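Remarks on the structure that follows.
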Amino acid sequence: MAHEITVKVRFSETDALGHVSNISYFVYLEEARIEFFRELGLEMTIDKWSVIMISANCMFYKQAYFDQRLKVTSFVTKIGNSSFKIGHRITDANSGELIAEGDAGAVYFDFSSQKSERIPDGIRAKLEMHKEEV
49 MAHEITVKVR FSETDALGHV SNISYFVYLE EARIEFFREL GLEMTIDKWS
99 VIMISANCMF YKQAYFDQRL KVTSFVTKIG NSSFKIGHRI TDANSGELIA
149 EGDAGAVYFD FSSQKSERIP DGIRAKLEMH KEEV
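According to the working numbering, the sequence shown is numbered sequentially starting from 49.
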């Protein structure tokens, strides 16, 4: 089961060429990830933050433009002992045309000890519910 959000491209997210700037896609992926983490029940406050990113990648297939509505779909592709990987697809919200794909690696982390931790069973079960084969 995938998680979805819709974003509307703002003018400030475009570049001199008139299309969405490459860096803006990473902002969309971050927004999608945070909402996905909230759905999983992860605390998203500074004092209880438990996940850190270890990698982020994005492949660009089509251009997106100001005022375009984009759907960002997020799903789990891999679950380890303390880490997991999230896949993302960005499509045109109206046509479904694939604009970009990406992934992000995340680690369950204890900031007080500055060490990774085993993913709690409850969170692991929720991650499993969102797992898709790629």
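The beta-carbon is built from N, C-alpha and C at its ideal position, and this holds for glycine as well.
Here the structure is a predicted model, which means the values were calculated and not measured.
Leaving aside the five residues before and after residue i along the sequence, list all residues of the same chain whose C-beta is less than 8 Å from its C-beta, in chain order.
i: Lys163; result: Phe157
i: Val75; result: Glu61
i: Val124; result: Phe132, Lys133, Ile134, Gly135, Leu175, Glu176, His178, Lys179 and Glu180
i: Val99; result: Phe85, Leu90, Ala154, Val155, Tyr156 and Phe157
Please classify residue i: does DSSP put it in a helix, a strand, or coil?
i: Asn105; result: strand
i: Phe157; result: strand
Less than 8 Å separating the beta-carbons of residue i and residue j?
i: Ile167; j: Leu90; result: no
i: Ile71; j: Val120; result: no
Return no unless some Cβ of chain D is closer than 8 Å to the Cβ of residue i.
i: Ile171; result: This model lacks chain D altogether, as it is built from one protein chain only.
Excluding five sequence neighbours on each side, which residues of the same chain lie with their C-beta closer than 6 Å to the C-beta of residue i?
i: Asn105; result: Gly150 and Asp151
i: Ile127; result: Leu175
On a Cα-Cα basis, can you pick out the residue from the options that is closest to residue i?
i: Ser160; options: Glu52, Asp95 and Val55; result: Asp95
i: Asp169; options: Ala64, Thr54, Leu88 and Leu65; result: Leu88
Going by beta carbon distance, what residues of the same chain come within less than 7 Å of residue i, once the five residues before and after it are set aside?
i: Ile112; result: A quick correction: the sequence has Ala, not Ile, at residue 112. Cβ neighbours of Ala112 beyond the five flanking positions: Val57, His67, Val68, Leu118 and Ile147.
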